[in-house]
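Here the sequence shown stands for residues 229 to 640, numbered as in this note's numbering.
See below for the structure under consideration.
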Amino acid sequence: MHLDTPTLLAAITVAYYTGALVLGIMAFALKSLPKTVRLSWAGWSVAMLLSGTCASLVSLRGTVPDFVSIGVANALMIIGFGIRPNALSLLNAGRLSYLWLLIAGLFGWLALYQVPWFRDDLILRVLYINAFSVLAMSLCIRECWLQHKVQFISSWFLIGVFAVDILLRLNLILMNFNTHFANFKAAFQTPSLQFSMVVLLVAIVFKIVGLGIAVFEKMKGQYKEQALVDALTGLPNRRAFESSAQGKLDALRAGAGTYALMTLEIDGLQSINDRFGHSMGEALMRLLGRICQETPPGRAEVGLIRENQFGLFVPETDQTEAGAIAKRISRTLTVQSTRAAGKRLTVTVSCGIFCGDMSTPFDRALEVADHCLSKARAKGGNRIVVNGTLEPGPLHPETVLSPFATRQQATG
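Here it is in structure tokens:
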């Protein structure tokens, strides 16, 4: 096959339409994927469809009115390139971050096309369209760069493809500045531009591949995150909680301060489930999880470390502050749950607290907190038990607060 200009334009048009079809089918058919992923693919499908239509109209230049082959074709191209970074932003962050680019670029083109000195000047038109394309591709590179730590392969792959696209646009601008062409089609007869069109054809295919890899990496990352999150409460599970807390403890270990590690548990949760159903127990678990997140200072780490047991790590905290945090959590849960249940029951919490210096290993601190929680439950629940010192041998817990609230019998 002879790679003349009409053949290359036809190949590029087919590549754009094929890409639009493939991405459109994927966006429509893969309904199990998140909505943002499917909308991103749909955006890229529309962008490629518009680019393919632009290429079709350009190939008809001289046989259709200039308003169609120049004005409309380039307007479609601007919309298509304006959609690209927005589609990537939708995939990465779930929002359209660059609508201003699409609106400004389109209205700028429509306004300038009404001016004869711009409309009749090939160099100015080439400069405007390709400068806009360079800006759009630069924003695509920015979106890829923002994700390169979590989507390593696809980010660098797409950065390379978008960079090639930018170089092609810059080459077209420089070529038109250095050589005066009688018309737009004359520029396509040069070996340099024909080579650029071949590279562009390959880049179109690579973009489709890169987008597929990006979605695969994104979903893989989401599944990895979900594996570290408790589905009921939305809190980090034990593995994630211990990892985060240990990381903070290691970072602070050089200091001479103290830290607190708490374990909390709703008293009589099984009896609540038996009387009111598991939906009530689950609602209380979610409520306690939210309270544990909102009550401590921002430096704290919260997680669900067992089926119905919460962990709370608070660095740079002494025994008094740790006890105050536990009291606020318990009282908030009691008040809010009593109100939500129509005063049919009073929910209380048992809490075990370790408070010691930074040199205490995390696993030892957790052992102490668990021991204190067991003591709190053994005393009937609804209390805090704390051990502020850590010495070898038996533990000697000390009751700090008992009780939080007076238990009430459930009434129907």
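Glycine included, each C-beta is placed from N, C-alpha and C at the ideal position.
Just to confirm before moving on: does the CB-CB distance between residue i and residue j stay below 8 Å?
{"i": "Val575", "j": "Thr562", "result": "yes"}
{"i": "Ala275", "j": "Ala315", "result": "yes"}
{"i": "Ser297", "j": "Leu285", "result": "yes"}
{"i": "Met365", "j": "Ile331", "result": "no"}
{"i": "Leu477", "j": "Phe582", "result": "no"}
{"i": "Gly509", "j": "Leu497", "result": "yes"}
{"i": "Gly531", "j": "Phe469", "result": "yes"}
{"i": "Gly299", "j": "Gly333", "result": "no"}
{"i": "Gly578", "j": "Asn536", "result": "This sequence places Ser at residue 578; Gly is not what is there. Contact: no."}
{"i": "Ala283", "j": "Val433", "result": "no"}
{"i": "Met586", "j": "Arg481", "result": "yes"}
{"i": "Ile519", "j": "Ile553", "result": "no"}
{"i": "Leu429", "j": "Ala239", "result": "yes"}
{"i": "Ser565", "j": "Leu512", "result": "yes"}
{"i": "Leu304", "j": "Ser273", "result": "no"}
Locate the beta strand (DSSP E) running through residue i, then write down its first and last residues.
{"i": "Ser472", "result": "From DSSP, Ser472 is part of no beta strand (DSSP E) but of the alpha helix (DSSP H) over 466-480."}
{"i": "Ser578", "result": "577-585"}
{"i": "Ile612", "result": "612-615"}
On the DSSP letters alone, give me the boundaries of the alpha helix (DSSP H) that residue i sits inside.
{"i": "Thr264", "result": "263-287"}
{"i": "Gly509", "result": "506-522"}
{"i": "Gly333", "result": "327-340"}
{"i": "Arg572", "result": "Segment: none, Arg572 is in no alpha helix (DSSP H) and carries neither H nor E."}
{"i": "Phe360", "result": "350-374"}
{"i": "Phe309", "result": "301-321"}
{"i": "Thr562", "result": "547-568"}
{"i": "Val596", "result": "590-606"}
What are the residues that DSSP puts in a beta bridge with residue i?
{"i": "Ala488", "result": "Val542, Cys583"}
{"i": "Glu493", "result": "Gln537, Ser578"}
{"i": "Glu529", "result": "Phe541"}
{"i": "Val457", "result": "Pro464"}
{"i": "Val292", "result": "Arg289"}
Within its chain, find whatever has a CB closer than 7 Å to the CB of residue i; leave out the 5 residues flanking it on each side and keep chain order.
{"i": "Leu355", "result": "Ile401"}
{"i": "Ser382", "result": "Gly438, Ile441, Ala442, Glu445"}
{"i": "Ala473", "result": "Glu529, Phe541, Phe590"}
{"i": "Asp349", "result": "none"}
{"i": "Thr639", "result": "At Thr639, the pLDDT of 34 sits below 50, so the modelled position is not reliable; the number obtained from the coordinates is stated separately. Contacts found: Arg572."}
{"i": "Leu623", "result": "Its pLDDT being 38, under 50, Leu623 is placed unreliably in this model, and the value from its coordinates should be taken loosely. Only Val596, His599, Asn615 meet the Cβ criterion."}
{"i": "Thr523", "result": "Ile553, Arg556, Ile557, Thr560"}
{"i": "Trp345", "result": "none"}
Closer than 6 Å by C-beta to residue i: which residues in its own chain qualify, once you throw out the five before and the five after it? Chain order, please.
{"i": "Arg312", "result": "Ala275, Ala364, Cys368"}
{"i": "Ile436", "result": "Gly247"}
{"i": "Ile357", "result": "Asn302"}
{"i": "Ser268", "result": "Ala315, Leu318, Leu319"}
{"i": "Arg347", "result": "Tyr341"}
{"i": "Asn404", "result": "Ile351, Val354"}
{"i": "Leu618", "result": "Interpretation of Leu618 is limited by its pLDDT of 40, a score under 50 that renders its predicted location unreliable; no figure is taken from the coordinates."}
{"i": "Gly322", "result": "Thr264"}
{"i": "Gly517", "result": "Thr461, Leu463"}
{"i": "Ala550", "result": "Ala488, Ile581, Cys583"}
{"i": "Glu544", "result": "Gly485"}
Output needed for residue i: all residues of its chain with C-beta closer than 8 Å, excluding positions within five of it in sequence on either side, in chain order.
{"i": "Phe380", "result": "Glu445"}
{"i": "Val392", "result": "Val427, Ala431"}
{"i": "Tyr245", "result": "Met276, Leu277, Gly280"}
{"i": "Leu601", "result": "Thr491, Leu492, Glu493, Gln537, Ser578, Cys579, Gly580, Val613"}
{"i": "Arg370", "result": "Pro313"}
{"i": "Arg467", "result": "Leu456"}
{"i": "Leu237", "result": "Ala283, Val286, Ser287, Phe416, Met425"}
{"i": "Leu398", "result": "Asn358, Val362"}
{"i": "Ile306", "result": "Leu330, Gly333, Leu334, Trp337, Ile357, Phe360"}
{"i": "Lys259", "result": "Arg266"}
When you compare the CB of residue i with every CB in chain D, is at least one pair closer than 8 Å?
{"i": "Arg397", "result": "As a matter of chain content, chain D is missing from the structure shown, which is built from one protein chain."}
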